[in-house]
Amino acid sequence: MGQRKKVKMETIAQALGVSVVTVSNALNGRRGVSESMRRQIVQKAQELGYNAENRSAGTKKKSYIIGCMVASRYVQEFPSFYMEIYKNIAREAGQSDCITVLEVVSPEMENENAYAAAFQETRPDGIILIGELQRTYVSHLHEHNPDVPFVCVDDYDTREDMDYVLTDSFGGMECVTHLVLEQGFSDLYFVGTVGATDSINDRYLGYCKALERRGLDRCEKQVIPDRENGILITPQLPEKLPQAFICSCDRTAFAVIRELRARGVRVPEDVSAAGFDNFPRETPEHIRLTTYRNDEKVIAQISLHILLTRMERPDTRTCGVRIVEGSVVRGESVKYRRH
Numbered sequence: 447m448g449q450r451k452k453v454k455m456e457t458i459a460q461a462l463g464v465s466v467v468t469v470s471n472a473l474n475g476r477r478g479v480s481e482s483m484r485r486q487i488v489q490k491a492q493e494l495g496y497n498a499e500n501r502s503a504g505t506k507k508k509s510y511i512i513g514c515m516v517a518s519r520y521v522q523e524f525p526s527f528y529m530e531i532y533k534n535i536a537r538e539a540g541q542s543d544c545i546t547v548l549e550v551v552s553p554e555m556e557n558e559n560a561y562a563a564a565f566q567e568t569r570p571d572g573i574i575l576i577g578e579l580q581r582t583y584v585s586h587l588h589e590h591n592p593d594v595p596f597v598c599v600d601d602y603d604t605r606e607d608m609d610y611v612l613t614d615s616f617g618g619m620e621c622v623t624h625l626v627l628e629q630g631f632s633d634l635y636f637v638g639t640v641g642a643t644d645s646i647n648d649r650y651l652g653y654c655k656a657l658e659r660r661g662l663d664r665c666e667k668q669v670i671p672d673r674e675n676g677i678l679i680t681p682q683l684p685e686k687l688p689q690a691f692i693c694s695c696d697r698t699a700f701a702v703i704r705e706l707r708a709r710g711v712r713v714p715e716d717v718s719a720a721g722f723d724n725f726p727r728e729t730p731e732h733i734r735l736t737t738y739r740n741d742e743k744v745i746a747q748i749s750l751h752i753l754l755t756r757m758e759r760p761d762t763r764t765c766g767v768r769i770v771e772g773s774v775v776r777g778e779s780v781k782y783r784r785h
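For the sequence shown, the working numbering gives the first residue as 447, with consecutive numbering after it.
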């Protein structure tokens, strides 16, 4: 006899014309589902041979609902690095038969400490915060979900009741800046709004560390903002251009390149530029950036693994910080020395 095909919650949802979250709520005894709908879902699950307690190789696993939150300021431009991380989290969660519910947090929600609408009826078993949110808002969320594990992605604090998964902003930007300095450049500008996020702060400090190692200490004077109220703006480049610009992210680097080309300045022949994130990868600038590659898939896998561990074994709640290392990409936007 052939092996019976595995039935997923998505199959039940499609058969009844309801959402996967509704199916998950019904099968796990959560609120938010009427009794008549719950009976229909349970009956359909039995008809299709769904077995929530025996999903693979006899291993018992519970189906979890994972709440994901990201500030709207990070997803206003497409494509979005943080939305790419979310997509990877959702994909990985689906492989574990878990459901993700996304809430895009508006500035009003943060300022008013408004609870996530997506979590009102569907209480998540675990929450992943993607990108930086206001500290008061994070505390508000935790107060509403005191027994729910939290994982923060690309943001960190001193709280001991949350896990943090970070890109290597400090070390990565130090490596990028070091690569540029190694080409014989000493007149550099940092393009990024210091203080806008912890990630930008760390990248700025990594930039300063690389300059310090070379005996250069002009980093505080040569900084150009790249955003206002969390929104990217066109950097205002100085009249007298430096040898190279070190940018807080690739979007900013591409904006710098556009401004340089508008002046008739060639990149990298006249001025070099480097970014961070290796995202977005396809742009109309037709130049491959020198940058720092972060692996969104690995970040998502680690974040989800930590959260699942916390949910399945709540007694192991020793939280911590994980830094996910990336790698420098030697692109075409920096003029390299000939050896």
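Just so you know, even glycine gets a beta-carbon here, dropped at the ideal spot from N, CA and C. No experiment lies behind these values; they were computed from the predicted model shown.
According to DSSP, residues forming a beta bridge with residue i
| i | result |
| --- | --- |
| F691 | Y635, A719 |
| I703 | Per DSSP, none; premise fails for I703. |
| G572 | I512 |
| A517 | V551 |
| Y738 | V774 |
| D609 | V597 |
For residue i, the nearest candidate out of the options (CA to CA)
| i | options | result |
| --- | --- | --- |
| N557 | R569, T568, L587 | L587 |
| Q492 | K508, F596, H590, V469 | V469 |
| D663 | F636, C695, I769 | F636 |
| G676 | V711, E628, T639 | T639 |
| L687 | S509, R712, E674 | R712 |
| S694 | P714, Q682, D672, F565 | D672 |
| N559 | G641, T568, Q580 | Q580 |
| S585 | I458, Y561, H751 | Y561 |
| L494 | E456, G540, R709, E523 | E456 |
| M515 | S542, M483, L627, M555 | M555 |
| A701 | V464, L678, D723 | L678 |
| A642 | L657, A656, D601 | D601 |
| L753 | C765, E481, E742 | C765 |
Per-residue burial, residue i [other beta carbons within 10 Å of its own, 16 or more giving buried]
| i | result |
| --- | --- |
| G538 | Note that residue 538 is Glu in the sequence shown, not Gly. That one is buried. |
| R727 | exposed |
| V645 | Looking at the sequence shown, residue 645 is not Val but Ser. Flag for S645 reads buried. |
| P745 | Per the sequence shown, the amino acid found at residue 745 is Ile instead of Pro. With 16 or more other Cβ atoms within 10 Å, it is buried. |
| E578 | buried |
| R784 | exposed |
| R519 | buried |
| S749 | buried |
| D593 | exposed |
| S615 | buried |
| V717 | buried |
Length of the line joining the Cα atoms of residue i and residue j
| i | j | result |
| --- | --- | --- |
| K454 | Q460 | 10 Å |
| E685 | P730 | 25 Å |
| I511 | S779 | 43 Å |
| D648 | S509 | 37 Å |
| M757 | Q629 | 49 Å |
| Q747 | D607 | 20 Å |
| V479 | T680 | 48 Å |
| V466 | H751 | 21 Å |
| L462 | I487 | 8 Å |
| F691 | E715 | 13 Å |
| V611 | A719 | 28 Å |
| V669 | Y496 | 58 Å |
| R660 | F725 | 28 Å |
| S552 | Y782 | 43 Å |
| F631 | V767 | 35 Å |
| R697 | K533 | 20 Å |
| Q541 | D761 | 25 Å |
Interface flag, residue i vs chain B, CB-CB below 9 Å
| i | result |
| --- | --- |
| H732 | No chain B is present in this structure, which holds just one protein chain. |
*If you pair each beta-carbon of the segment 703-719 with each one of the segment 649-659, do three or more pairs fall below 8 Å?*
no
*Contact between the segment 587-599 and the segment 571-578: three or more CB pairs below 8 Å?*
yes
*Would you call the segment 617-627 and the segment 774-785 in contact, with 3 or more CB pairs under 8 Å?*
yes
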